[in-house]
Amino acid sequence: MIQEESNHTDILRVHDARDDELVFSLRPLRIKEYIGQRNVVETLQIAIEAALQRKESLDHILFNGPPGLGKTTLAHIIANEMGTKIITSSGPALEKGGDLMGILTHLEKGDILFIDEIHRIPKIVEEFLYPAMEDYAVDFIFDKGVHARTHRYRLEPFTLIGATTRSGLLSAPLRERFGITRDLDFYDEGDLILIVKRSASILEIPIDADGAYEIARRSRGTPRVANRLLKRVRDFAQVRAQGNITQEVAHAALSLEGIDELGLGVTDRKLLKTIIVNYKGGPAGIEALASTLQIETDVLLDVVEPYLLKMGLIIRTPQGRKATDKAYALLNLPQQSDMGLFGNTEVKRER
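Quick note on numbering: our numbering labels position 280 of the sequence shown as 359, and the sequence is numbered without any gaps.
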(Lines of atoms letter the chains of each structure in order from A and count residues from 1; the text may use other names and numbers.)
(Lines give C-alpha, C1' and ligand atoms only; values in the text may rest on other atoms or scores of the structure.)
Protein backbone atom coordinates (compact mmCIF):
# COMPACT_ATOMS: atom_id res chain seq x y z
CA MET A 1 0.00 0.00 0.00
CA ILE A 2 1.16 3.55 -0.64
CA GLN A 3 1.96 5.75 2.30
CA GLU A 4 -0.42 8.41 3.50
CA GLU A 5 0.48 11.81 2.09
CA SER A 6 -1.88 14.16 3.90
CA ASN A 7 1.05 16.16 5.28
CA HIS A 8 2.30 17.02 1.79
CA THR A 9 1.17 20.18 0.01
CA ASP A 10 0.92 19.51 -3.71
CA ILE A 11 3.26 22.10 -5.23
CA LEU A 12 2.17 20.94 -8.68
CA ARG A 13 -1.28 22.43 -8.06
CA VAL A 14 -0.85 25.19 -5.48
CA HIS A 15 -0.60 28.60 -7.15
CA ASP A 16 1.88 31.10 -5.77
CA ALA A 17 1.91 34.66 -7.16
CA ARG A 18 5.68 34.60 -6.81
CA ASP A 19 5.75 31.74 -9.32
CA ASP A 20 4.15 34.09 -11.87
CA GLU A 21 7.01 36.54 -11.35
CA LEU A 22 9.51 33.71 -11.73
CA VAL A 23 7.92 32.43 -14.93
CA PHE A 24 7.82 35.95 -16.38
CA SER A 25 11.50 36.51 -15.63
CA LEU A 26 12.45 33.22 -17.31
CA ARG A 27 10.24 33.62 -20.37
CA PRO A 28 12.14 33.68 -23.69
CA LEU A 29 11.58 36.89 -25.62
CA ARG A 30 12.50 35.78 -29.13
CA ILE A 31 11.55 32.73 -31.13
CA LYS A 32 15.20 31.68 -31.53
CA GLU A 33 15.38 31.37 -27.73
CA TYR A 34 12.35 29.10 -27.53
CA ILE A 35 13.10 25.47 -26.65
CA GLY A 36 10.91 22.60 -27.86
CA GLN A 37 7.65 22.43 -29.87
CA ARG A 38 9.75 22.47 -33.05
CA ASN A 39 6.94 21.98 -35.56
CA VAL A 40 4.88 24.73 -33.94
CA VAL A 41 7.86 27.09 -33.85
CA GLU A 42 8.69 26.45 -37.51
CA THR A 43 5.10 27.16 -38.54
CA LEU A 44 5.17 30.43 -36.62
CA GLN A 45 8.54 31.46 -38.03
CA ILE A 46 7.25 31.07 -41.58
CA ALA A 47 3.98 32.88 -40.84
CA ILE A 48 5.76 35.76 -39.09
CA GLU A 49 8.34 36.21 -41.85
CA ALA A 50 5.66 36.15 -44.55
CA ALA A 51 3.48 38.67 -42.71
CA LEU A 52 6.44 41.02 -42.18
CA GLN A 53 7.39 40.81 -45.85
CA ARG A 54 3.83 41.69 -46.90
CA LYS A 55 3.50 44.28 -44.12
CA GLU A 56 0.28 42.59 -42.98
CA SER A 57 -1.13 41.34 -39.71
CA LEU A 58 -0.71 37.66 -38.93
CA ASP A 59 -3.57 35.24 -39.35
CA HIS A 60 -5.52 34.59 -36.17
CA ILE A 61 -3.87 31.82 -34.13
CA LEU A 62 -5.26 29.20 -31.75
CA PHE A 63 -2.99 27.31 -29.34
CA ASN A 64 -4.38 24.21 -27.64
CA GLY A 65 -2.77 22.13 -24.92
CA PRO A 66 -2.47 21.48 -21.18
CA PRO A 67 -1.42 24.33 -18.87
CA GLY A 68 2.23 25.34 -18.69
CA LEU A 69 3.37 24.27 -22.17
CA GLY A 70 4.10 27.76 -23.50
CA LYS A 71 0.91 29.12 -25.06
CA THR A 72 1.19 32.51 -23.34
CA THR A 73 4.95 32.64 -23.92
CA LEU A 74 4.49 32.05 -27.65
CA ALA A 75 1.89 34.83 -27.83
CA HIS A 76 4.35 37.31 -26.32
CA ILE A 77 7.15 36.08 -28.58
CA ILE A 78 4.95 36.63 -31.63
CA ALA A 79 4.27 40.20 -30.52
CA ASN A 80 8.00 40.80 -30.07
CA GLU A 81 8.85 39.34 -33.47
CA MET A 82 6.13 41.39 -35.17
CA GLY A 83 7.15 44.53 -33.29
CA THR A 84 3.62 45.14 -32.04
CA LYS A 85 1.76 45.59 -28.78
CA ILE A 86 0.01 42.69 -27.09
CA ILE A 87 -3.18 43.20 -25.11
CA THR A 88 -4.05 40.29 -22.83
CA SER A 89 -7.37 39.15 -21.43
CA SER A 90 -9.12 35.89 -20.56
CA GLY A 91 -12.40 34.20 -21.33
CA PRO A 92 -13.82 34.53 -17.80
CA ALA A 93 -12.96 38.26 -17.72
CA LEU A 94 -15.04 39.00 -20.83
CA GLU A 95 -18.47 38.72 -19.26
CA LYS A 96 -20.38 41.11 -21.55
CA GLY A 97 -20.17 42.20 -25.15
CA GLY A 98 -19.19 45.66 -23.96
CA ASP A 99 -16.07 44.23 -22.29
CA LEU A 100 -14.82 42.92 -25.62
CA MET A 101 -16.00 45.95 -27.61
CA GLY A 102 -13.99 48.25 -25.38
CA ILE A 103 -10.83 46.28 -26.15
CA LEU A 104 -11.43 45.84 -29.87
CA THR A 105 -12.18 49.50 -30.57
CA HIS A 106 -8.92 50.59 -28.95
CA LEU A 107 -6.67 48.21 -30.90
CA GLU A 108 -4.15 49.84 -33.21
CA LYS A 109 -2.98 48.49 -36.56
CA GLY A 110 -1.08 45.23 -36.14
CA ASP A 111 -1.83 44.84 -32.43
CA ILE A 112 -2.22 41.37 -30.95
CA LEU A 113 -5.15 40.49 -28.71
CA PHE A 114 -4.36 37.44 -26.58
CA ILE A 115 -7.31 35.71 -24.92
CA ASP A 116 -6.43 32.94 -22.48
CA GLU A 117 -9.04 30.27 -21.70
CA ILE A 118 -10.87 31.37 -24.81
CA HIS A 119 -13.19 28.36 -24.51
CA ARG A 120 -14.79 30.08 -21.49
CA ILE A 121 -16.01 33.14 -23.40
CA PRO A 122 -19.81 33.47 -23.08
CA LYS A 123 -21.74 32.82 -26.29
CA ILE A 124 -23.05 36.38 -26.47
CA VAL A 125 -19.49 37.72 -26.32
CA GLU A 126 -18.21 35.16 -28.80
CA GLU A 127 -20.65 36.40 -31.43
CA PHE A 128 -18.98 39.82 -31.37
CA LEU A 129 -15.73 38.12 -32.36
CA TYR A 130 -17.06 36.70 -35.62
CA PRO A 131 -17.16 39.94 -37.69
CA ALA A 132 -14.13 41.28 -35.82
CA MET A 133 -12.01 38.30 -36.87
CA GLU A 134 -13.40 37.97 -40.38
CA ASP A 135 -14.02 41.56 -41.48
CA TYR A 136 -12.19 43.68 -38.87
CA ALA A 137 -15.50 45.20 -37.88
CA VAL A 138 -18.02 45.15 -35.05
CA ASP A 139 -21.74 45.80 -35.26
CA PHE A 140 -23.41 48.15 -32.80
CA ILE A 141 -27.16 47.67 -32.33
CA PHE A 142 -29.28 50.69 -31.44
CA ASP A 143 -32.82 50.55 -30.03
CA LYS A 144 -34.94 47.40 -29.97
CA GLY A 145 -37.80 45.78 -31.84
CA VAL A 146 -39.06 47.47 -35.01
CA HIS A 147 -36.84 50.48 -34.30
CA ALA A 148 -33.65 48.43 -34.08
CA ARG A 149 -30.80 49.50 -36.36
CA THR A 150 -27.17 48.58 -36.64
CA HIS A 151 -24.00 50.52 -37.26
CA ARG A 152 -20.82 48.79 -38.43
CA TYR A 153 -17.66 50.13 -36.80
CA ARG A 154 -14.45 49.45 -38.68
CA LEU A 155 -11.49 48.10 -36.71
CA GLU A 156 -7.80 48.30 -37.40
CA PRO A 157 -6.35 45.02 -38.71
CA PHE A 158 -5.27 42.93 -35.71
CA THR A 159 -4.35 39.38 -34.77
CA LEU A 160 -6.32 37.37 -32.23
CA ILE A 161 -4.34 34.67 -30.44
CA GLY A 162 -6.48 32.30 -28.42
CA ALA A 163 -5.23 29.79 -25.87
CA THR A 164 -7.27 26.87 -24.65
CA THR A 165 -6.85 23.67 -22.69
CA ARG A 166 -10.01 22.23 -24.25
CA SER A 167 -10.43 23.11 -27.92
CA GLY A 168 -13.39 20.75 -28.13
CA LEU A 169 -15.44 23.25 -26.13
CA LEU A 170 -14.97 25.94 -28.78
CA SER A 171 -17.88 26.38 -31.14
CA ALA A 172 -17.26 25.42 -34.76
CA PRO A 173 -17.86 29.00 -36.06
CA LEU A 174 -15.19 30.39 -33.73
CA ARG A 175 -12.69 27.58 -34.32
CA GLU A 176 -13.02 27.92 -38.10
CA ARG A 177 -12.04 31.59 -38.00
CA PHE A 178 -8.51 30.84 -36.83
CA GLY A 179 -6.10 30.64 -39.76
CA ILE A 180 -3.45 28.81 -37.73
CA THR A 181 -4.33 26.13 -35.18
CA ARG A 182 -1.61 24.25 -33.34
CA ASP A 183 -1.59 21.70 -30.51
CA LEU A 184 1.20 21.93 -27.94
CA ASP A 185 2.34 18.58 -26.56
CA PHE A 186 4.30 17.59 -23.47
CA TYR A 187 8.06 18.17 -23.72
CA ASP A 188 10.64 15.40 -23.82
CA GLU A 189 13.35 15.11 -21.19
CA GLY A 190 16.04 16.48 -23.48
CA ASP A 191 14.22 19.77 -24.01
CA LEU A 192 13.34 20.03 -20.33
CA ILE A 193 16.98 19.57 -19.36
CA LEU A 194 17.87 22.50 -21.64
CA ILE A 195 15.09 24.58 -20.08
CA VAL A 196 16.25 23.79 -16.54
CA LYS A 197 19.85 24.66 -17.43
CA ARG A 198 18.78 27.92 -19.09
CA SER A 199 16.63 28.92 -16.11
CA ALA A 200 19.38 28.01 -13.65
CA SER A 201 21.82 30.16 -15.62
CA ILE A 202 19.47 33.15 -15.57
CA LEU A 203 18.87 32.74 -11.83
CA GLU A 204 22.59 32.10 -11.23
CA ILE A 205 21.96 28.72 -9.59
CA PRO A 206 24.91 26.27 -9.54
CA ILE A 207 23.63 23.02 -11.06
CA ASP A 208 25.35 20.06 -12.69
CA ALA A 209 24.07 17.97 -15.60
CA ASP A 210 22.73 15.19 -13.37
CA GLY A 211 20.91 17.70 -11.18
CA ALA A 212 19.23 19.22 -14.24
CA TYR A 213 18.25 15.74 -15.42
CA GLU A 214 16.70 14.84 -12.07
CA ILE A 215 14.52 17.96 -12.10
CA ALA A 216 13.61 17.54 -15.77
CA ARG A 217 12.43 13.95 -15.46
CA ARG A 218 10.08 14.85 -12.61
CA SER A 219 8.60 17.86 -14.41
CA ARG A 220 5.60 16.14 -16.05
CA GLY A 221 6.81 17.20 -19.49
CA THR A 222 5.91 20.80 -18.58
CA PRO A 223 8.30 23.79 -18.56
CA ARG A 224 6.25 25.68 -15.98
CA VAL A 225 6.52 22.73 -13.60
CA ALA A 226 10.25 22.43 -14.31
CA ASN A 227 10.83 26.06 -13.33
CA ARG A 228 8.67 25.67 -10.23
CA LEU A 229 10.58 22.57 -9.13
CA LEU A 230 13.89 24.31 -9.81
CA LYS A 231 12.79 27.04 -7.42
CA ARG A 232 12.00 24.51 -4.68
CA VAL A 233 15.26 22.62 -5.19
CA ARG A 234 17.17 25.91 -5.10
CA ASP A 235 15.78 26.62 -1.62
CA PHE A 236 16.64 23.11 -0.43
CA ALA A 237 20.17 23.33 -1.84
CA GLN A 238 20.73 26.72 -0.25
CA VAL A 239 19.86 25.41 3.22
CA ARG A 240 21.14 21.82 3.02
CA ALA A 241 23.84 21.69 0.32
CA GLN A 242 25.76 24.96 0.14
CA GLY A 243 23.61 26.07 -2.78
CA ASN A 244 24.83 23.45 -5.28
CA ILE A 245 22.24 21.32 -7.08
CA THR A 246 23.39 17.77 -7.80
CA GLN A 247 21.28 14.74 -8.62
CA GLU A 248 21.38 13.66 -4.98
CA VAL A 249 20.26 17.11 -3.80
CA ALA A 250 17.47 17.32 -6.39
CA HIS A 251 16.29 13.81 -5.52
CA ALA A 252 16.15 14.61 -1.80
CA ALA A 253 14.41 17.95 -2.34
CA LEU A 254 11.71 16.64 -4.66
CA SER A 255 11.10 13.52 -2.59
CA LEU A 256 10.53 15.82 0.37
CA GLU A 257 7.94 17.68 -1.71
CA GLY A 258 6.16 14.43 -2.58
CA ILE A 259 7.19 14.40 -6.25
CA ASP A 260 8.09 10.89 -7.36
CA GLU A 261 10.38 9.76 -10.18
CA LEU A 262 7.54 9.86 -12.72
CA GLY A 263 6.70 13.42 -11.77
CA LEU A 264 3.51 12.40 -9.96
CA GLY A 265 2.45 14.53 -7.03
CA VAL A 266 0.12 14.02 -4.11
CA THR A 267 -3.05 14.72 -6.09
CA ASP A 268 -2.08 12.35 -8.91
CA ARG A 269 -1.56 9.45 -6.52
CA LYS A 270 -4.72 10.25 -4.58
CA LEU A 271 -6.72 10.18 -7.80
CA LEU A 272 -5.27 6.83 -8.84
CA LYS A 273 -5.82 5.35 -5.39
CA THR A 274 -9.40 6.65 -5.32
CA ILE A 275 -10.22 5.02 -8.66
CA ILE A 276 -8.68 1.73 -7.56
CA VAL A 277 -9.86 1.55 -3.94
CA ASN A 278 -13.12 3.51 -3.86
CA TYR A 279 -14.32 2.63 -7.35
CA LYS A 280 -12.73 -0.81 -7.73
CA GLY A 281 -10.61 0.30 -10.65
CA GLY A 282 -13.36 2.17 -12.45
CA PRO A 283 -15.01 3.35 -14.51
CA ALA A 284 -15.53 6.41 -12.34
CA GLY A 285 -17.15 9.63 -13.51
CA ILE A 286 -15.06 12.78 -13.35
CA GLU A 287 -17.65 14.64 -11.25
CA ALA A 288 -17.76 11.76 -8.77
CA LEU A 289 -13.97 11.76 -8.52
CA ALA A 290 -13.87 15.52 -8.05
CA SER A 291 -16.44 15.27 -5.28
CA THR A 292 -14.62 12.43 -3.54
CA LEU A 293 -11.27 14.23 -3.69
CA GLN A 294 -12.82 17.66 -3.00
CA ILE A 295 -11.06 19.11 -6.03
CA GLU A 296 -12.57 21.25 -8.78
CA THR A 297 -13.54 19.27 -11.86
CA ASP A 298 -11.65 21.67 -14.13
CA VAL A 299 -8.44 21.03 -12.18
CA LEU A 300 -8.78 17.29 -12.73
CA LEU A 301 -9.60 17.74 -16.41
CA ASP A 302 -6.98 20.36 -17.27
CA VAL A 303 -4.09 19.76 -14.85
CA VAL A 304 -4.16 16.22 -13.48
CA GLU A 305 -5.73 13.98 -16.09
CA PRO A 306 -3.71 14.84 -19.25
CA TYR A 307 -0.42 13.68 -17.77
CA LEU A 308 -1.92 10.51 -16.27
CA LEU A 309 -3.34 9.68 -19.70
CA LYS A 310 0.01 10.32 -21.35
CA MET A 311 1.77 8.07 -18.83
CA GLY A 312 -0.75 5.29 -19.42
CA LEU A 313 -1.95 5.24 -15.81
CA ILE A 314 -5.62 5.82 -16.62
CA ILE A 315 -7.85 5.45 -19.65
CA ARG A 316 -11.01 7.31 -20.57
CA THR A 317 -14.14 5.38 -21.46
CA PRO A 318 -17.67 6.60 -22.25
CA GLN A 319 -18.61 5.64 -18.67
CA GLY A 320 -15.66 7.31 -16.93
CA ARG A 321 -12.01 6.82 -15.95
CA LYS A 322 -10.38 3.45 -15.36
CA ALA A 323 -7.04 2.64 -13.76
CA THR A 324 -4.60 0.63 -15.87
CA ASP A 325 -2.40 -2.29 -14.83
CA LYS A 326 0.47 0.19 -14.70
CA ALA A 327 -1.37 2.21 -12.05
CA TYR A 328 -1.95 -0.87 -9.88
CA ALA A 329 1.74 -1.76 -10.15
CA LEU A 330 2.84 1.78 -9.36
CA LEU A 331 0.79 1.90 -6.16
CA ASN A 332 1.51 -1.76 -5.33
CA LEU A 333 -2.21 -2.49 -5.05
CA PRO A 334 -3.94 -5.79 -5.93
CA GLN A 335 -6.10 -5.98 -9.04
CA GLN A 336 -9.87 -5.70 -8.56
CA SER A 337 -11.91 -8.15 -10.57
CA ASP A 338 -15.39 -6.84 -9.94
CA MET A 339 -17.23 -3.56 -9.71
CA GLY A 340 -17.61 -2.08 -6.26
CA LEU A 341 -20.29 -0.10 -4.54
CA PHE A 342 -19.44 3.03 -6.51
CA GLY A 343 -18.25 1.30 -9.66
CA ASN A 344 -20.90 2.53 -12.07
CA THR A 345 -22.31 5.62 -10.41
CA GLU A 346 -22.10 7.52 -13.69
CA VAL A 347 -23.05 5.55 -16.74
CA LYS A 348 -23.77 8.62 -18.87
CA ARG A 349 -21.20 9.56 -21.49
CA GLU A 350 -18.30 11.36 -19.87
CA ARG A 351 -16.54 14.48 -20.99
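We put the CB at the ideal spot given by N, CA and C, even for glycine.
- Within the model, the alpha-carbon separation for residue 146 versus residue 199 is close to 15 Å.
- In this structure, the straight-line span from the alpha carbon of residue 202 to that of residue 183 is close to 17 Å.
- For the region 163-226, the full-length alpha helix (DSSP H) segments reaching 4 residues or more read 176-183 and 202-214 along the chain.
- Note that the C-beta distance between residue 156 and residue 108 is below 8 Å.
- Residue 274 is positioned such that its CB atom lies no closer than 8 Å to that of residue 292.
- Within the DSSP secondary-structure output, residue 233 pairs in a beta bridge with 216.
- Put simply, of 218, 296 and 194 the residue whose alpha carbon is nearest the alpha carbon of residue 172 is 194.
- The DSSP-derived three-state label of residue 310 is helix.
- Residue 260 is bridged by DSSP to 141.
- Under DSSP, residue 127 forms no beta bridge with any residue.
- Short of 6 Å from the beta carbon of residue 327, and not among the five residues preceding or following it, lies no beta carbon of its own chain.
- In terms of Cα proximity to residue 177, the closest of 206, 189 and 151 is 206.
- Counted as a single uninterrupted DSSP element, the stretch harbouring residue 325 is not any beta strand (DSSP E), since DSSP gives it neither H nor E.
- Residue nearest to residue 301 within the set 116, 111 and 110 is 116 (criterion: CA-CA distance).
- Straight across, the Cα-Cα distance linking residue 351 with residue 404 is about 11 Å.
- Residue 393 is bridged by DSSP to 402.
- Three or more Cβ pairs closer than 8 Å define a contact, and the region 388-406 meets that threshold against the region 354-361.
- Judged by DSSP secondary structure, residue 242 falls within the beta strand (DSSP E) whose first and last residues are 238-243.
- No Cβ-Cβ contact shorter than 8 Å links residue 353 with residue 379.
- In this chain, the alpha helix (DSSP H) harbouring residue 159 covers 150-161.
- The closest CA to that of residue 283, considering only 323, 259, 394 and 143, is found on 323.
- By the C-beta density criterion, residue 236 is exposed, having fewer than 16 other C-beta atoms within 10 angstroms.
- Burial check for residue 163: the Cβ neighbour count within 10 Å reaches 16 or more, so the residue is buried.
- Residue 325 and residue 259 have their C-alpha atoms some 42 Å from each other.
- Your pair residue 144 and residue 270 does not check out as a contact, with CB atoms roughly 14 Å apart and the cut at 8 Å.
- Between the region 330-344 and the region 307-319 there are three or more C-beta pairs closer than 8 Å, enough to call the two in contact.
- When 280, 341 and 369 are compared, the shortest CA-CA separation from residue 387 is found for 341.
- Counting along the chain, residue 292 sits inside the alpha helix (DSSP H) bounded by residues 288-296.
- If you look at residue 354, you'll find it isn't in any alpha helix (DSSP H); DSSP assigns it neither H nor E.
- By the beta-carbon neighbour count (other beta carbons within 10 angstroms, threshold 16), residue 318 is exposed.
- Taking the CA atoms as reference points, residue 188 sits about 16 Å from residue 181.
- Cβ-Cβ distances below 6 Å link residue 287 to 325 in the same chain, with the five nearest sequence neighbours on each side left out; the list follows chain order.
- Between residue 141 and residue 257 the beta-carbon gap is near 4 Å, inside 8 Å, which marks them as a contact.
- Nearest to residue 170 by alpha-carbon distance, out of 110, 152, 190 and 248, is 248.
- Shown here for residue 149: same chain residues with a beta carbon closer than 7 Å to its own, the five before and five after excluded, namely 116, 263 and 302 in chain order.
- With respect to the 8 Å criterion, residue 152 and residue 106 are classified as neighbours on the basis of their beta carbons.
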